[in-house]
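There are 2 protein chains.
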Amino acid sequence: MRKAEREPLNRERVLTTAVTIADRDGIAAVTMRRLGAELGVEAMSLYYHLRGKDALLDGVAETLIEEVLAAVARAGGEGEWRAVLRARFLAAREVMLRHRWGPGVLNSRTTVPLGVLRYYDSIIAVMRDAGFSYRIAHRALHAFGSMPLGFVQEVFSPSADEGTDMSAVADLVPHLVAMVTSEAHDADLGWCDSQVEFEFTLDLLLDGLDRAR
Amino acid sequence: MRKAEREPLNRERVLTTAVTIADRDGIAAVTMRRLGAELGVEAMSLYYHLRGKDALLDGVAETLIEEVLAAVARAGGEGEWRAVLRARFLAAREVMLRHRWGPGVLNSRTTVPLGVLRYYDSIIAVMRDAGFSYRIAHRALHAFGSMPLGFVQEVFSPSADEGTDMSAVADLVPHLVAMVTSEAHDADLGWCDSQVEFEFTLDLLLDGLDRAR
DNA sequence: TGGGCTACCTTACGATGTAAGGTAGCTCCT
DNA sequence: AGGAGCTACCTTACATCGTAAGGTAGCCCA
């Protein structure tokens, strides 16, 4: 094939294609061969644009963060500090809901993407403006954990209740069963609507920090 | 080799050996062949005791939870609810510090180990005794996230500051740099002593929940 | 004209999980 | 006593993965 007949590859196009594959078939489907095939290219050709699989995933994480930053920017920065951070974190959450593999990829990276640092910097700015010390701002970042990025460490998988036959172990976990029966009847989006839980936790932290100021 | 000359394998021995390998060389070193070798057996022999790699990791998670449950039990259950939960979560944390691969393995599982359910059940019991409704207890579990199991979702890796050359991007993240310089001089165990942060976040949540009661 | 660069390809290797199908030794039944 | 059947392990083989090593076609510039 003549060279001009095909749009040449570049890092960005490789990364966005990787994101597309991950969205469609999960992060495990992002293999070098599959990615190459999707781009009409052999697997080894990717190595001209990326050092290897690890660098690819770093790039995917970077791309994801960039999307978060864009969403956060749209969420605006004016108003009371709690409202500002709340809006940002919820904006980030929407991005993560579009990319379910996001938390896993971010967790697997050993180096922090620069975009994350820039984002955290902006959070510190908001807290400083609201009168927080650096010490509390620092602890706030830890307290937030991954909430700025729109997810929490869920030990229960989203379908935990489906995966485990509760009735089979009811006597082992009586309080859990009682809680589920007590709560299940009036949840809007079924048992464990995690959006509600996310916001509850977020407000708990924000209010607590406000008192610590 | 005569059959009686070697202690026969069983699920438990396979799992504890897997834990040992993970402790020594990381979770990635736990391969079927390596695990077999460590047990003086071929890789395929493991399939008699476990359905496959996935079942192996499920079992490893289960083993880990059992260790958490034992530590939690030793932490005791008498006293004010906040003190009880605090002691439990910190006990769990010690287990996770012994097994750094723990959070990753737990996150990778799709089904919740029964031990986790039993543990959560005991937490609900504590909160009910303290006068919480099931609704708040439920939200509390979400708010705690992975803290009962002794870890938080750290977006920064423990060595984030080493991995990234802060001075090279100082102008991109001025508040972050200011925070680090302001905080670094009086941290006992270096910048980001996460034990302190863990307890800070924990107390923030416990106090907030106490007000929500 | 030809050297050198860019962007891609070919081939090959070692690691990994595991399907398929043995086999030695023991127990138990008749 | 002898054979059936079970337990616990082994042998072989294959597909898939990341990637090292070394091409090669087309283009630019001297």
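Sequence lines, in order, name chains G and A.
Quick note on full-length UniProt numbering: the first sequence kicks off at 1 and runs consecutively.
Quick note on full-length UniProt numbering: the second sequence kicks off at 1 and runs consecutively.
Think of the CB as a built atom: it goes at the ideal place given N, C-alpha and C, for glycine as much as any other residue.
Here the structure is a predicted model, which means the values were calculated and not measured.
Reduced DSSP category for residue i - H, G, I as helix; E, B as strand; rest coil
i	result
threonine 110 of chain G	coil
isoleucine 102 of chain G	Reading off the sequence, residue 102 of chain G comes out as glycine, not isoleucine. It is helical.
valine 68 of chain A	helix
alanine 168 of chain A	helix
threonine 31 of chain A	coil
serine 133 of chain G	coil
alanine 55 of chain G	helix
glutamine 195 of chain A	helix
serine 146 of chain G	coil
phenylalanine 151 of chain G	coil
alanine 75 of chain G	coil
glutamate 80 of chain G	coil
Closest Cα partner of residue i within the set the options
i	options	result
valine 126 of chain G	G/Thr201, G/Gly76, G/Glu38, G/Ala70	G/Gly76
valine 60 of chain G	G/Val19, G/Arg34, G/His185	G/Val19
glutamate 154 of chain A	G/Ser167, G/Arg139, G/Val72, G/Glu197	G/Arg139
phenylalanine 151 of chain G	G/Leu209, G/Ser167, G/Glu197, G/Ile136	G/Glu197
threonine 16 of chain A	A/Glu42, A/Met44, A/Arg51, A/Asp58	A/Asp58
arginine 93 of chain G	G/Ala212, G/Ser194, G/Ala137, G/Gly208	G/Ser194
leucine 85 of chain A	A/Asp121, A/Leu172, A/Ile21	A/Asp121
isoleucine 27 of chain G	G/Thr181, G/Leu106, G/Ile136, G/Ala212	G/Leu106
isoleucine 21 of chain A	A/Arg11, A/Glu7, A/Leu39	A/Leu39
glycine 131 of chain A	A/Arg213, A/Ala37, A/His99, A/Ala143	A/Arg213
Chain-ordered chain G contacts of residue i [CB-CB under 8 Å]
i	result
valine 169 of chain A	Leu114, Leu117
asparagine 10 of chain A	The premise fails here: asparagine 10 of chain A is roughly 23 Å from chain G at the closest Cβ pair, so nothing lies under 8 Å.
isoleucine 65 of chain A	Neighbours of isoleucine 65 of chain A on chain G: none; closest Cβ ~10 Å, over 8 Å.
glutamate 78 of chain A	None at all; the shortest Cβ gap to chain G is about 18 Å.
arginine 128 of chain A	His175
Distance, residue j Cα to residue i Cα
i	j	result
leucine 9 of chain G	tyrosine 119 of chain A	51 Å
leucine 206 of chain A	leucine 69 of chain G	31 Å
aspartate 23 of chain G	tryptophan 101 of chain G	8 Å
aspartate 210 of chain A	isoleucine 123 of chain A	15 Å
aspartate 203 of chain A	glutamate 80 of chain G	24 Å
lysine 53 of chain A	aspartate 25 of chain A	17 Å
histidine 185 of chain A	valine 41 of chain A	53 Å
glutamate 62 of chain G	aspartate 129 of chain A	46 Å
proline 103 of chain G	arginine 51 of chain G	23 Å
valine 30 of chain G	methionine 44 of chain A	28 Å
leucine 72 of chain G	alanine 83 of chain A	Just to set this straight, residue 72 of chain G is valine in the shown sequence, not leucine. Going from the Cα of valine 72 of chain G to the Cα of alanine 83 of chain A covers about 37 Å.
glutamate 183 of chain G	leucine 141 of chain A	13 Å
serine 167 of chain G	isoleucine 65 of chain A	21 Å
valine 14 of chain A	valine 95 of chain A	20 Å
Under 7 Å from the C-beta of residue i: neighbouring residues of chain A
i	result
threonine 201 of chain G	His142, Ala143
glycine 208 of chain G	Leu204, Asp207, Gly208
arginine 24 of chain G	Here the premise fails: no neighbours, minimum Cβ distance about 19 Å.
Proximal residues of chain A, C-beta to C-beta of residue i below 8 Å
i	result
proline 174 of chain G	Asp121
Within chain G, partners of residue i - CB distance below 9 Å
i	result
glutamate 152 of chain A	This sequence places valine at residue 152 of chain A; glutamate is not what is there. Within chain G, the residues near valine 152 of chain A are His142, Ala143, Gly145, Ser146, Gln153.
leucine 85 of chain A	By Cβ distance, chain G contributes nothing, its closest Cβ being about 14 Å from leucine 85 of chain A, past 9 Å.
serine 182 of chain A	Ser133, Tyr134, Arg135, His138
glutamate 38 of chain A	Per Cβ cutoff of 9 Å: no residues; glutamate 38 of chain A is ~25 Å from chain G at best.
Under 7 Å from the C-beta of residue i: neighbouring residues of chain G
i	result
isoleucine 124 of chain A	His175, Leu176, Met179
Contacts of residue i in chain A (Cβ-Cβ under 9 Å)
i	result
glutamate 197 of chain G	His138, Arg139, Leu141, His142, Ala143
### Task
Mind the definition here: the region 108-119 of chain G touches the region 172-181 of chain G only if three or more C-beta pairs lie below 8 Å; say whether that holds.
Flag = no, the region 108-119 of chain G and the region 172-181 of chain G do not touch.
#### Entry: Stretch pair the region 83-95 of chain A + the region 147-154 of chain A: three plus CB contacts closer than 8 Å
Segments in contact, yes.
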